[in-house]
Amino acid sequence: GEKPFKCEVCEARFIHKSQLKSHIRIHTGEKPFQCEICNARFNEKNSLRNHIRTHTGEKPYECNFCDAKFSTKHCLTMHIRTHTGEKPFKCEFCDSRFNEKIVCGII
Numbered sequence: 001g002e003k004p005f006k007c008e009v010c011e012a013r014f015i016h017k018s019q020l021k022s023h024i025r026i027h028t029g030e031k032p033f034q035c036e037i038c039n040a041r042f043n044e045k046n047s048l049r050n051h052i053r054t055h056t057g058e059k060p061y062e063c064n065f066c067d068a069k070f071s072t073k074h075c076l077t078m079h080i081r082t083h084t085g086e087k088p089f090k091c092e093f094c095d096s097r098f099n100e101k102i103v104c105g106i107i
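Take the sequence shown: its position 39, counting from 1, is numbered 39 in the UniProt record's numbering, and each next residue is one higher.
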């Protein structure tokens with residue numbers, strides 16, 4: 001789809017202006033969201049929400065294969081790939097596949 005909002009620093013493009021505003025914080029270092037428990041600061045509200053779960057122990061994401069529970073959707077996604085064998089990322093140099101976006105050790 002069309003991404004009309006462009007970052008002036010790195011050329012990244014976004015569908016929504018709010019996404020650009022959040023992205024710009026990567027460049028400025030602004031971290032407006034603060035944990036009231038330990039004062040850790042974050043550039044995105046969702047990152048703060050995930051962090052707070054380290055204090056509360058909340059794990060709302062549950063694996064349908066083995067009932068393991070996780071505090072973030074990303075952790076659940078990575079775990080599910082251990083069951084499915086899914087490897088969605090391919091090295092552009094050697095065609096090896098990986099379950100997460102990493103740099104292949106071949107280079």
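Beta carbons: idealized from backbone N, C-alpha and C, even for Gly.
Tell me, to the nearest whole angstrom, how far the beta carbon of residue i is from that of residue j; I am working on the premise that it is less than 8 angstroms.
i, j, result
"residue 21", "residue 13", "That belief does not hold up - the Cβ atoms of residue 21 and residue 13 are roughly 14 angstroms apart, past 8 angstroms."
"residue 100", "residue 78", "6 angstroms"
"residue 48", "residue 70", "No, residue 48 and residue 70 are not in contact; Cβ-Cβ is about 18 angstroms, not under 8 angstroms."
Rounding to the nearest angstrom, what Cα-Cα distance links residue i and residue j in this structure?
i, j, result
"residue 25", "residue 37", "23 angstroms"
"residue 98", "residue 86", "8 angstroms"
"residue 3", "residue 41", "29 angstroms"
"residue 75", "residue 9", "30 angstroms"
"residue 96", "residue 83", "19 angstroms"
"residue 27", "residue 17", "16 angstroms"
Going by the beta-carbon positions, is the gap between residue i and residue j smaller than 8 angstroms?
i, j, result
"residue 35", "residue 52", "yes"
"residue 93", "residue 80", "no"
"residue 72", "residue 43", "no"
Measure from the alpha carbon of residue i to the alpha carbon of each residue in the options, then state which is nearest.
i, options, result
"residue 45", "66, 11, 31 and 67", "31"
"residue 39", "59, 55, 11 and 28", "55"
Report whether the distance from the Cβ of residue i to the nearest heavy atom of the ligand ADP is below 7 angstroms.
i, result
"residue 84", "Looking for the ligand ADP in the displayed structure turns up nothing, as the structure carries no ligands at all."
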